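K.L.:
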Amino acid sequence: MNEIEKKEIESLRNTIRRHDHLYYVKNSPAISDREYDRIYGRLKELEKKYPESLTSDSPTQRVGGKVEQRFRQVVHPIPMLSLDNTYNIDEVRAFHQRVLKNLPDIQEDSIEYVVELKFDGLAVALTYENGKLVRGATRGDGIQGEDITANLKTIRSVPLTISSELFKKIEVRGEVYMPKKEFQRINTIREEDGESLFANPRNAAAGALRVLDPAITDSRKLGIFIYTIGFVDKDVFKTHSELQKQLDALGFPVNEYNQVCLNFEETLAFIEQWKTKKDDLNYEVDGLVIQVNSLSYRKKLGSTSKFPRWAVAYKFEAEQVVTQILDIVCQVGRTGSITPVANLRPVFVSGSTVSRVTLHNEDEINRKDIRVGDRIVIEKAGEIIPKVVRIVDSSNKRNTPFKMPTNCPECQERIFRSEGEVVWRCINAICPAQLKERLKHFASRKAMDIDHLGPTVIDQLVESGRVKTFSDLYTLKKDEIAYLERMADKSAQNLIDAIEKSKPAGLARLLFGLGVRHIGQRAASILANKFGSFKILREIAYEELEKVMEIGPVIAESLRNFLDQKTNIQDIEKLSKLGVILEEHEVNEKSTGMLLGKQFVLTGTLSGFSRDEAKERIEFLGGRVVSSVSKKTNYVLAGKDAGLKLQKAQKLGLTIINEQEFLKLIGSV
Ligand code: IVH
């Protein structure tokens, strides 16, 4: 590498950094995607040619750093305190009075406050030495956190380098969050795969940050706002707002709504505005942070062991109401999970009547010591799902503490709780409650796709004892169905036809439909394509299953357990006798291998077929459909009105194809 090339590499990196900042932090790209792509490609080329030039802060190195088996513990140079909470304006006024009292020589109207959104995510600290990001850590308990540098580097708005002119060493602090849309996207996928859902974007963000594979963090679109400096080698600022201006100038994403309020009245007015405006944001905020702007006043005010005296959090009020727990029942889900649910005296809260609330699991009930008969405060978390906030103190004699049943409330079989799990499960494959849920899943569109087999019909078929297994569905006679409530002759025939029509669905759909834990559509399709028939699959040992690409130990163990249960095998054999196909159709080298290892992203509206159909086709041919565009994407199939994904694909220089080109690719035209 000569001097000129060395200079070119540095200049390319700086150019990319500048444009990443404009794109991801400022939301205002300054060059075309094609141009960005050209620069990025040139840098990649030079780095490949001169591997010795590669440094970890190159913009090409965001994903891929190593994470050890466990995250290393790190001690924060200055503790990361938390904030005292206030829940109403009177408490905010009381905070202001305390500030005044502790600053006796200061005029009230010379106290400025900075008000910021309180992002509902995870606090992190980023340390830069000589302009390079050297460490990213979680807050942990405030004294000690975990080193998650490799994962934080995947967040595009985290600068890998900053100017080192002013500070040789600086630690900035902020909050990592998951945008609401991304949260919905991930939960939809989890639902499809029969996995438990994240309760809120905060938990989902925490999950994404604490994985050992940075590629997974990268695939979740996390964002970050930097709100302050923790440690810096030079004290140069007079106010917090000045400090934030500097953070912005250094390239950090500082939230656009931070506001300096010149006095307390302005502060109150600003708080008022946000009570409703918060719902329009693309990320969750659970309140506002109100802090004294002057850093010298902050010094005078100091901190308690937990909280600074110069700041307070104002938590938005969710509407809360008091009601009573009439009963606690246990619900059985498709995978046998037993969830305790409280039946409530019905109350109206945030726009609808609530008569049930989930109590999540045994540990949660014990932690809150929730008992039947208790009066409780409930609110709607995120304004949607009701949750128990607390128990209202009462001097009345309380019932005895709640105890989880030892047996399934539906089938009376023993229930189990594995080590490390909070959930109790019924593992009886023919449990009626599970059965209803499993049949619903079996009939669903992405599984056996049986039209007319809705929840009401399923409930009746199970409750009457007529359907106990999947195979029983295929022995139903028209007369038996017509006998069910609200079933006319015609609908009975429609259902019989639909059941018949589902028989050749193929092994992948069947495997997915069986609802084996951890086997989502993707795993089912891989297994079906790899082994071709159920007869072969059932003989495969755990060790061999585990080795299959993308399968791994969790799926392998779950599948092996399922296959080792006699009742499961008997039912599948019966399905086969009744004409259900246990093979994957047309499994041959060509059809399975054509798109092997190819990653697709679908975007926009397709006209000739639905996205699900395209997905099915791609997976059948060995390819994989993922939801977000990355450098690893081989093809972006773009329909009408394709939006951001298309833009990003162009920017990354990926192969973008339309429907016609897609059909050509798979040999259909
Ligand atoms: S300032 C001394 N500003 O809220 C603590 N915190 O309970 C100064 N948070 O752990 C924190 N948004 O995770 C600050 N704009 C914001 C914030 C914010 C969210 C979180 C942070 C902190 C917790 C405090």
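Under the numbering used here, the first residue of the sequence shown is numbered 25, with each subsequent residue one higher.
Where a beta carbon is used, it is the ideal one built from N, C-alpha and C, also for glycine.
Predicted model, so just to flag it, every value in this text is computed and none were measured.
1) Could you check what DSSP says for Pro75 in three-state terms: helix, strand or coil?
2) Quick one: using the 10 Å Cβ neighbour count with 16 as the cut-off for buried, is Gly478 buried or exposed?
3) Out of Ile295, Gln131, Glu266, Lys204, state which residue places its alpha-carbon closest to the alpha-carbon of Arg117.
4) Could you tell me which of Lys204, Lys258, Lys559, Glu189 sits nearest to Asp144, measuring between CA atoms?
5) Tell me whether Tyr251, by its Cβ, gets closer than 8 Å to a heavy atom of ligand 1.
6) For the stretch 351-367 against the stretch 332-340, are there 3 or more C-beta pairs whose distance is under 8 Å?
7) Assuming contact is defined by CB atoms lying nearer than 9 Å, are Val313 and Leu146 in contact in what I supplied?
8) Here's the rule I'm using: 16 or more other beta-carbon atoms within 10 Å means buried, otherwise exposed. How should Phe372 be labelled?
9) Out of curiosity, what's the CA-to-CA distance linking Gly254 and Gly198?
10) Using the three-state DSSP reduction, which class does Lys614 fall into: helix, strand or coil?
11) Does DSSP classify Tyr64 as helix, strand or coil?
12) With DSSP as the reference, label Leu368 as helix, strand or coil.
13) Out of Thr178, Ile642, Val123, Pro101, point me to the one whose CA is closest to Leu683's CA.
14) Taking Arg635 as part of the beta strand (DSSP E), name the residues at either end of that continuous run.
15) Applying the 10 Å Cβ sphere with the 16-neighbour rule, what's the burial state of Phe686?
16) Which residue's Cα is closest to the Cα of His465: Asp417, Leu519, Leu535?
17) Just to confirm before moving on: does the CB-CB distance between Thr84 and Lys68 stay below 9 Å?
18) Taking the straight line between their C-alpha atoms, what separation do you get for Ile560 and Glu206?
19) Does DSSP put Ile194 in a helix, a strand or coil?
20) Just to confirm, is the Cβ distance from Lys366 to Thr377 under 9 Å?
21) Name the residue from Ala161, Lys142, Arg122, Arg37 whose alpha carbon lies nearest to the alpha carbon of Arg96.
22) With distances taken Cα to Cα, identify the nearest neighbour of Ile550 among Val540, Ile575, Glu563, His542.
23) My output table needs one value for Gly160: the three-state DSSP class, helix, strand or coil.
24) Can you find a heavy atom of ligand 3 that lies under 8 Å from the Cβ of Pro332?
25) Leaving out five residues on either side along the sequence, give the residues of the same chain with a beta carbon under 6 Å from the beta carbon of Ala580.
26) Report buried or exposed for Lys177, applying the criterion of at least 16 other Cβ atoms within 10 angstroms of its Cβ.
27) Just to confirm my understanding: we take Glu437, look at its own chain, exclude 5 residues before and 5 after, and list those with CB closer than 7 Å. What are they?
28) What distance in whole Å lies between the Cβ atoms of Ile394 and Val416, which are believed to be in contact at a cut-off of 8 Å?
29) Val446: buried (16+ other C-beta within 10 angstroms of its C-beta) or exposed?
30) Using the Cα positions of Lys590 and Leu678, report the straight-line distance between them to the nearest angstrom.
31) Does the beta-carbon of Gly326, which I'm using as the reference point, lie nearer than 8 Å to any heavy atom of ligand 1?
32) Can you give, in chain order, each stretch of the alpha helix (DSSP H) that sits fully within the stretch 316-359 and has at least 4 residues?
33) Apart from the five residues just before and just after Ala516, which ones in its own chain have a Cβ nearer than 6 Å to its Cβ?
34) Suppose the cutoff is 8 Å on Cβ atoms and the five residues either side in sequence are ignored; what does the same chain contact list for Val99 look like?
35) If contacts are defined as beta-carbon pairs under 8 Å, then Leu463 and Val491 qualify, I think. What distance do you get, rounded to the angstrom?
36) Below 7 Å CB to CB, which residues in the same chain sit around Ile40 once its five sequence neighbours on both sides are set aside?
P.N.:
So, to answer that:
1) The count along the sequence shown starts at 1 and reaches residue 75 at position 51. Residue state, collapsed to three classes: helix.
2) Numbered from its first residue, the sequence shown carries residue 478 at position 454. Looking at its Cβ environment, which holds fewer than 16 other Cβ atoms inside 10 Å, Gly478 is exposed.
3) Mapped onto the sequence shown, residue 117 falls at position 93. Taking only the C-alpha atoms, the option nearest Arg117 is Ile295.
4) By one-based count along the sequence shown, residue 144 stands at place 120. Checking every option, the nearest Cα to that of Asp144 belongs to Lys204.
5) Counting from one through the sequence shown, the residue named residue 251 turns up at place 227. Yes.
6) no
7) By one-based count along the sequence shown, residue 313 stands at place 289. By one-based count along the sequence shown, residue 146 stands at place 122. Taking 9 Å as the Cβ cut-off, Val313 and Leu146 do not qualify as a contacting pair.
8) On the sequence shown, residue 372 is found 348 positions in, with the first residue counted as 1. Phe372 should be labelled exposed.
9) For the purposes of this step, residue 254 is taken as residue 230 along the sequence shown, with counting starting at 1. For the purposes of this step, residue 198 is taken as residue 174 along the sequence shown, with counting starting at 1. Rounded to whole angstroms, Gly254 to Gly198 spans 10 Å at the Cα level.
10) Reading the sequence shown from its first residue, position 590 is the one you call residue 614. Because Lys614 carries a pLDDT of 40, less than 50, the predicted location of this residue cannot be relied on, and no value is offered for it.
11) As a working mapping, residue 64 is identified with position 40 in the sequence shown. Three-state DSSP puts Tyr64 in a helix.
12) Against the sequence shown, residue 368 aligns to sequence position 344. Leu368 falls in the strand class under three-state DSSP.
13) Residue numbering aside, residue 683 sits at position 659 when the sequence shown is read from its first letter. Contrary to the premise, residue 683 reads as Glu rather than Leu in this sequence. Cα-wise, what sits closest to Glu683 is Ile642.
14) On the sequence shown, position 611 is the one that residue 635 refers to. Segment 635-644 is the alpha helix (DSSP H) holding Arg635; no beta strand (DSSP E) there.
15) In the sequence shown, counting from the first residue as 1, residue 686 sits at position 662. The residue in question, Phe686, is buried, as its Cβ has 16 or more Cβ neighbours within 10 Å.
16) Looking up residue 465 in the sequence shown gives position 441. Out of Asp417, Leu519, Leu535, Leu535 has the C-alpha closest to the C-alpha of His465.
17) Here the question's residue 84 lines up with position 60 in the sequence shown. Here the question's residue 68 lines up with position 44 in the sequence shown. Contact: yes.
18) Against the sequence shown, residue 560 aligns to sequence position 536. Against the sequence shown, residue 206 aligns to sequence position 182. Ile560 and Glu206: Cα-Cα distance of roughly 39 Å.
19) Mapped onto the sequence shown, residue 194 falls at position 170. Ile194: strand per DSSP, three-state reduction.
20) Working through the sequence shown from its first residue, we reach residue 366 at position 342. Working through the sequence shown from its first residue, we reach residue 377 at position 353. Contrary to the premise, residue 366 reads as Ala rather than Lys in this sequence. No, the Cβ-Cβ distance between Ala366 and Thr377 is not below 9 Å.
21) Taking the first residue of the sequence shown as position 1, residue 96 is located at position 72. Among Ala161, Lys142, Arg122, Arg37, the Cα nearest to that of Arg96 is on Ala161.
22) Residue numbering aside, residue 550 sits at position 526 when the sequence shown is read from its first letter. If we check each option's Cα against that of Ile550, Ile575 comes out closest.
23) Position 136 of the sequence shown, counting from 1, holds the residue named residue 160. DSSP places Gly160 in strand when its eight states are reduced to three.
24) Ligand 3 is not part of the structure shown, which contains ligand 1 as its ligands.
25) The residue labelled residue 580 in the question sits at position 556 within the sequence shown. So the list reads Tyr566, Leu569, Glu570, once near-sequence residues are dropped.
26) On the sequence shown, residue 177 is found 153 positions in, with the first residue counted as 1. Buried: at least 16 other Cβ atoms inside 10 Å.
27) Mapped onto the sequence shown, residue 437 falls at position 413. Only Asn431, Cys450, Asn452, Cys455 meet the Cβ criterion.
28) Here residue 416 is taken as the residue at index 392 of the sequence shown, counted from 1. Here residue 394 is taken as the residue at index 370 of the sequence shown, counted from 1. Rounded, the Cβ-Cβ distance is 12 Å, inconsistent with contact.
29) If you number the sequence shown from 1, residue 446 lands on position 422. Result: exposed.
30) Within the sequence shown, numbered from 1, the residue matching residue 590 stands at position 566. Within the sequence shown, numbered from 1, the residue matching residue 678 stands at position 654. Straight-line Cα distance between these residues: approximately 48 Å.
31) Indexing the sequence shown from 1 puts residue 326 at position 302. No, the beta carbon of Gly326 sits no closer than 8 Å to any heavy atom of ligand 1.
32) 319-325
33) For the purposes of this step, residue 516 is identified with residue 492 of the sequence shown, where counting begins at 1. Around Ala516: Lys502, Ile505, Ala506.
34) For the purposes of this step, residue 99 is taken as the residue at position 75 of the sequence shown. Excluding sequence neighbours, Val99 sits near Ile167, Gln168.
35) Translated into positions along the sequence shown, residue 463 becomes position 439. Translated into positions along the sequence shown, residue 491 becomes position 467. So it is a contact: roughly 7 Å between Cβ atoms.
36) Counted from its first residue, the sequence shown places residue 40 at position 16. The residues are Ile63, Tyr64, Leu67, Pro83.
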